[in-house]
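Colleague: Numbering (this note's numbering), first residue to last: 10 to 630.
Ideal Cβ positions, reconstructed from N, Cα and C, are used throughout, including at glycine.
First, the structure itself, so that you have it in front of you.
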Amino acid sequence: MFPKYDVIVVGAGHAGCEAAVAAANMGSRVMLVTMNMQTIAQMSCNPAMGGVAKGQIVREIDALGGYSGIVTDYSMVQFRMLNKSKGPAMWSPRAQSDRMQFASKWRSMLESHPNIDFWQDMVKGLIVKDGACKGVVTGMGLEIEGRAVVLTNGTFLNGLIHIGEKQLGGGRAGEKAAHGITEQLVSLGFESGRMKTGTPPRIDGRSLDYSKMEVQDGDEEIVGFSYTDTPKPDRQLPCHITYTSEQVHNILRTGFDKSPMFSGRIQGLGPRYCPSIEDKIERFAERDRHQLFVEPEGWDTCEIYVNGFSSSLPEDVQYKALKLVPGFENMKMFRPGYAIEYDYFPPTQLDLSLETRLVKRLFFAGQINGTTGYEEAASQGLVAGINAHLAIHEKQPFILKRSEAYIGVLIDDLVNKGTKEPYRMFTSRAEYRILLLQDNADVRLTPLAVDLGMHHMEERMERVRVKNENVREIGKFFEETSIAPDQVNDYLQSIDSSPLQQKVKLQTVLLRPGVDIETLAKRIDFVDQFVNKYDKETLLLSEVGMKYEGYIEKEQEMVQKIERLESVKLSDDFDYRALQALSMEAREKLSNVKPKTIGQASRISGVSPSDISILLIHVRN
């Protein structure tokens with residue numbers, strides 16, 4: 010019934026969509042299997058993409074030829090650049106999306122790809138022969154053969170929904186759970202665990218009084234996510250902010266005895282950085298209120314997402330508590346919040362390519378690896394799709410370094426350190442974040458996508474070439490052009506900066522605190538005449554390069570030191586247990602992870618610097 014496919018992707022969430030596109034754009038014939046064709050790329054939780062560090066990931070996905078940035082730009086209803094008051098390494102784009110447009114745009118882009126086929130069914134098992142994955146078995150008993158398989162099961166593996174004392178089998182509200190895969194993988198020797206996530210109630214926006222809330226508008230300038238010429242909205246929808254109160258908390262506490270969180274009915278650990286409202290009340294008992302973000306779900310719907318009110322308490326308790334929130338007095342609820350518990354597989358069982366160590370040509374991406382968030386899932390899907398294609402052609406895997414991308418940090422953390430709670434990306438996790446700006450992802454990564462042979466990257470690469478050339482031109486102008494005191498002192502005094510006593514190079518002025526290219530150009534005509542031919546992103550990239558040159562050089566020196574460790578290879582059959590000088594924990598961790606290099610070994614939790622010194626001596630001998 011089916012031809013043999015190059016790559017089979019199981020699941021059509023954010024990870025599955027990017028995996029399918031990545032493999033297809035490299036030339037693989039792809040089968041995307043999903044339980045429901047109507048929920049492809051569904052935003053199961055909040056209708057937003059990006060945020061702190063997550064926005065950088067979306068831009069990296071776009072720079073590598075993925076589609077998440079394009080889809081977000083097409084479907085956004087509001088855009089904000091977060092952390093603008095901090096340094097550029099912290100700036101993070103975030104967009105509120107139209108939930109229905111987001112999924113619709115993703116589906117149309119997938120369907121327009123000639124290399125992608127679809128099948129609607131549950132996958133209940135894998136075809137494994139001779140230690141390699143050869144295909145999947147569907148719920149209807151159909152076998153689909155493939156040369157590689159990518160599992161992106163999200164929250165569906167033995168998913169269990171909790172609302173108060175009620176338990177419902179399901180991977181998402183109104184959708185059944187997937188059974189069979191966990192049991193088969195465990196029988197093959199994989200270790201599995203349970204994790205938990207949650208979602209807040211959905212509210213009828215027509216019943217809310219927004220005059221009692223704070224308005225949160227989008228930025229005037231919409232930067233967007235994609236480095237291509239995507240359309241941006243000509244207007245934006247506002248979000249709103251309101252707060253819980255001690256009365257709200259007291260109502261919520263009346264349901265704690267029926268909470269699956271506190272009764273022990275939920276075994277899995279939930280996300281530390283996105284806790285439920287009941288968890289926040291317990292953990293931060295000293296706070297008398299918590300912020301709630303009232304977020305629209307799209308242009309043509311009145312449905313509202315109450316960000317910050319994730320809950321698994323009984324429906325009536327959620328309802329009574331929300332009615333006490335300012336602006337929610339006449340609130341009507343579409344559906345209550347709930348918690349969902351699901352199976353995951355500790356990612357220390359993977360190589361950095363996201364291929365499993367136990368079964369060749371089987372790849373895991375997304376929440377199956379213990380992560381949380383659309384962006385983290387999508388980036389893993391992209392890497393898994395690329396590596397599935399490379400594996401079937403027996404080519405070296407594509408592995409991003411920690412110094413190259415937030416995606417590299419994410420995967421390196423998962424594989425080397427593992428995670429016992431849903432992993433979320435933060436800028437603080439990246440030690441080279443000055444190198445990993447949100448506006449230089451194309452410069453960092455698009456050349457890598459071209460080298461991989463990713464289709465349709467020629468125009469993108471030409472944009473990168475022009476951008477690099479423009480950055481050099483701007484830098485040269487500021488390094489070589491002089492400015493006299495009478496041309497700039499009025500401006501310097503207006504910002505409380507000491508006046509010049511003699512001519513200096515423009516770069517000297519730019520390096521002063523409070524000075525930037527944009528405001529300098531507004532005050533000095535000849536600067537304005539030069540820079541007005543460049544776009545803002547290129548100007549910012551040039552400015553950051555000049556202002557942070559010393560820091561960038563230090564980070565690059567650190568990268569070079571680490572890369573020397575990365576050049577020291579370790580064989581897969583290295584017997585760490587025989588090396589008695591290593592600590593017991595190091596022997597156990599190294600034997601389990603089987604690092605490819607000394608550099609990777611140094612990042613494994615529990616392996617100390619002295620263990621690395623011993624390894625280096627042993628390898629050199």
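Going by the C-beta, is MET10 closer than 7 Å to any heavy atom of the ligand GDP?
Modeller: The model depicted lacks the ligand GDP and carries no ligand whatsoever.
Colleague: Can you give me the start and stop residues for the alpha helix (DSSP H) that SER106 sits inside?
Modeller: Segment 101 to 106 is the beta strand (DSSP E) holding SER106; no alpha helix (DSSP H) there.
Colleague: Could you say which of MET466, THR43, ASP139 lies nearest to ALA186 if we only look at CA atoms?
Modeller: If we check each option's Cα against that of ALA186, THR43 comes out closest.
Colleague: Going by C-alpha to C-alpha distance, which of ASP266, GLU564, HIS465 sits closest to GLU174?
Modeller: Of the candidates ASP266, GLU564, HIS465, the one whose C-alpha sits nearest the C-alpha of GLU174 is ASP266.
Colleague: With a 10 Å radius around its C-beta and 16 neighbouring C-beta atoms as the bar for buried, classify THR528 as buried or exposed.
Modeller: With fewer than 16 Cβ atoms within 10 Å of its Cβ, THR528 is classed as exposed.
Colleague: Quick check: what's the CA-CA separation for ALA400 versus ILE533?
Modeller: One C-alpha to the other measures close to 56 Å.
Colleague: Between the alpha carbons of ALA493 and THR547, how many angstroms are there, rounded?
Modeller: If you take the alpha carbons of ALA493 and THR547, they lie about 26 Å apart.
Colleague: For MET118, which residues in the same chain have their Cβ closer than 6 Å to its Cβ, ignoring the five residues on either side in sequence?
Modeller: Hits under 6 Å: TYR76.
Colleague: For my contact list, TYR219 and GLY336 are in at a C-beta cut-off of 8 Å; report their separation, rounded to the angstrom.
Modeller: The pair is a contact, with the Cβ atoms about 6 Å apart (cut-off 8 Å).
Colleague: List the residues that DSSP assigns as beta-bridge partners of TRP128.
Modeller: According to DSSP, TRP128 bridges with VAL42.
Colleague: Please confirm whether ARG612 and ARG596 have their CB atoms less than 8 Å apart.
Modeller: Not closer than 8 Å, so no.
Colleague: What's the gap between the Cα of ILE170 and the Cα of GLU558?
Modeller: Each residue's Cα considered, the two are about 51 Å apart.
Colleague: Would you identify the three-state DSSP class for GLN300, choosing helix, strand or coil?
Modeller: It is a strand residue.
Colleague: Quick check on CYS26: does DSSP put it in helix, strand or coil?
Modeller: Here CYS26 sits in helix by DSSP.
Colleague: Indicate whether LEU409 and GLY417 have their beta-carbon atoms separated by less than 8 Å.
Modeller: Their beta carbons are under 8 Å apart, which means LEU409 touches GLY417 by this criterion.
Colleague: Quick check on SER268: does DSSP put it in helix, strand or coil?
Modeller: DSSP places SER268 in coil when its eight states are reduced to three.
Colleague: Judging by CA-CA distance, which residue of LEU371, ARG203, LYS476, ASP297 is the nearest neighbour of ALA348?
Modeller: The shortest C-alpha separation from ALA348 is found at ARG203.
Colleague: Return the chain-ordered list of same chain residues with a C-beta closer than 8 Å to the C-beta of TYR252, the five sequence neighbours on each side being excluded.
Modeller: Only ARG298, HIS299, GLN300, LEU301, VAL334, PRO335 meet the Cβ criterion.
Colleague: Nearest to GLY22 by CA position, among THR48, MET35, ARG68, is which residue?
Modeller: Nearest C-alpha to GLY22: THR48.
Colleague: Would you say the segment 378 to 398 touches the segment 65 to 84, given that touching needs at least three Cβ pairs under 8 Å?
Modeller: Yes, they touch.
Colleague: Do the CB positions of ALA29 and GLY394 come within less than 8 Å of each other?
Modeller: Their beta carbons are under 8 Å apart, which means ALA29 touches GLY394 by this criterion.
Colleague: Given a cut-off of 8 Å on the beta-carbon distance, is the pair ASP126 and GLY233 in contact?
Modeller: Result no, Cβ atoms of ASP126 and GLY233 do not sit closer than 8 Å.
Colleague: Could you check what DSSP says for ALA397 in three-state terms: helix, strand or coil?
Modeller: Reduced to three states, the DSSP call for ALA397 is helix.
Colleague: Below 8 Å on the Cβ atoms is my contact criterion, and I expect GLN447 with TRP100 to pass it. Report the Cβ-Cβ distance as a whole number of Å.
Modeller: Indeed they touch by this definition, with Cβ atoms about 6 Å apart.
Colleague: How far does the beta strand (DSSP E) with TYR14 in it extend, from its first residue to its last?
Modeller: 14 to 19 is the extent of the beta strand (DSSP E) around TYR14.
Colleague: From this set, VAL553, VAL628, PRO604, which residue's C-alpha is nearest LYS95's C-alpha?
Modeller: Minimum Cα distance to LYS95 is reached at VAL553.
Colleague: Work out the CA separation of LYS93 and SER53 for me, nearest whole Å.
Modeller: Going from the Cα of SER53 to the Cα of LYS93 covers about 29 Å.
Colleague: Here's the rule I'm using: 16 or more other beta-carbon atoms within 10 Å means buried, otherwise exposed. How should MET270 be labelled?
Modeller: Under this definition MET270 is a buried residue.
Colleague: Report yes if the C-beta distance between ARG211 and ILE313 is below 8 Å; otherwise report no.
Modeller: Taking 8 Å as the Cβ cut-off, ARG211 and ILE313 qualify as a contacting pair.
Colleague: Report yes if the CB atom of TYR383 is closer than 8 Å to the CB atom of GLY168, and no otherwise.
Modeller: Going by C-beta atoms, TYR383 is not nearer than 8 Å to GLY168.
Colleague: Between the alpha carbons of HIS627 and GLN565, how many angstroms are there, rounded?
Modeller: Each residue's Cα considered, the two are about 28 Å apart.
Colleague: Buried or exposed for MET40, going by 16 or more other Cβ atoms inside 10 Å?
Modeller: Its Cβ being crowded by 16 or more others within 10 Å, MET40 is buried.
Colleague: Per DSSP, ILE416 is paired with what?
Modeller: ILE416 pairs with nothing; no bridge assigned.
Colleague: Using alpha carbons as the reference points, say which of ALA414, GLN245, SER201, ALA50 lies closest to GLN110.
Modeller: Per the Cα distances, ALA50.
Colleague: Residues bridged to LEU371 by DSSP?
Modeller: Paired residues: VAL158.
Colleague: Bridge partners for LEU91 per DSSP, in chain order?
Modeller: Its beta-bridge partners are SER101.
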